[in-house]
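K.L.:
Residue numbers (my numbering): 109 to 267. Beta carbons are placed, not taken as given, at the ideal position from N, Cα and C, and that holds for glycine. Since the model is a prediction, treat every value here as computed from it, not as a measurement.
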């Protein structure tokens, strides 16, 4: 079994035929900035988009708007394409058939990240969300708008 060496990040990394790709990928991800790493993982997820692939949803939902903006910039710089366009191209229009369709508004939106919550508005939007979900209107524009522009803190405040 031969071993070849790759120069990466000023260190030599042994690349075994069985584990080499894994080691190479770990080193690559380790050397990237967080935004570049998310852009790389988003591109991999888009290429392999399946119903079980929630990498994009995690990136879109757990990163702050500013970090997500940096991810979109890194994606554009690395792949010469828009993250939003790639996500839109690889998803269908029905959230029930393709839950990842919610990604398009999530990656396009700029969410308020503060701790202040207008409880009157939050309760009103919670009612809208509950009605849309109970009526199985999963493609309801208001439901998608609320989920995509409100922060996790905001959405959690009224549940």
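What does a CB cutoff of less than 8 Å around residue 181 pick up in its chain, not counting 5 residues either side in sequence?
P.N.:
As a position in the chain shown, residue 181 is number 73, starting the count at 1. Within the same chain, residue 181 has close Cβ partners 143.
K.L.:
Extract the residue ranges of the alpha helix (DSSP H) inside the segment 135 to 183, only unbroken runs of 4 or more that lie entirely within it.
P.N.:
Listed in chain order, the complete alpha helix (DSSP H) runs (minimum 4 residues) inside the segment 135 to 183 are 142 to 155, 163 to 170.
K.L.:
Quick check on DSSP: helix, strand or coil for residue 256?
P.N.:
In the chain shown, counting from the first residue as 1, residue 256 sits at position 148. The answer is helix: DSSP assigns residue 256 an H, G or I state.
K.L.:
Less than 8 Å between the C-beta atoms of residue 224 and residue 259, yes or no?
P.N.:
What you label residue 224 is simply residue 116 of the chain shown in a count that begins at 1. What you label residue 259 is simply residue 151 of the chain shown in a count that begins at 1. Contact: no.
K.L.:
Can you find a heavy atom of the ligand COA that lies under 7 Å from the Cβ of residue 138?
P.N.:
Summarising the ligand content, the structure contains no ligands, and the ligand COA is consequently not present.
K.L.:
If you draw a straight line from the C-alpha of residue 195 to the C-alpha of residue 170, how long is it?
P.N.:
Here the question's residue 195 lines up with position 87 in the chain shown. Here the question's residue 170 lines up with position 62 in the chain shown. Looking at the two C-alpha atoms, the distance is approximately 17 Å.
K.L.:
Using three-state DSSP, classify residue 190 as helix, strand or coil.
P.N.:
Counting from 1 along the chain shown, the entry for residue 190 is found at position 82. Correct three-state label for residue 190: coil.
K.L.:
Is the beta carbon of residue 156 closer than 8 Å to that of residue 148?
P.N.:
Here residue 148 refers to the residue found at position 40 of the chain shown. Here residue 156 refers to the residue found at position 48 of the chain shown. In this structure, residue 156 does not lie closer than 8 Å to residue 148 by Cβ.
K.L.:
Can you tell me whether residue 153 is buried or exposed? The criterion is at least 16 other CB atoms within 10 Å of its CB, across all chains shown.
P.N.:
For this step, residue 153 is matched to residue 45 along the chain shown. Counting Cβ neighbours within 10 Å, residue 153 comes out buried, since at least 16 surround it.
K.L.:
Please report the Cβ distance between residue 178 and residue 164, rounded to the nearest whole angstrom; I am assuming they are in contact, meaning their Cβ atoms lie under 8 Å.
P.N.:
Working through the chain shown from its first residue, we reach residue 178 at position 70. Working through the chain shown from its first residue, we reach residue 164 at position 56. So it is not a contact: roughly 16 Å between Cβ atoms.
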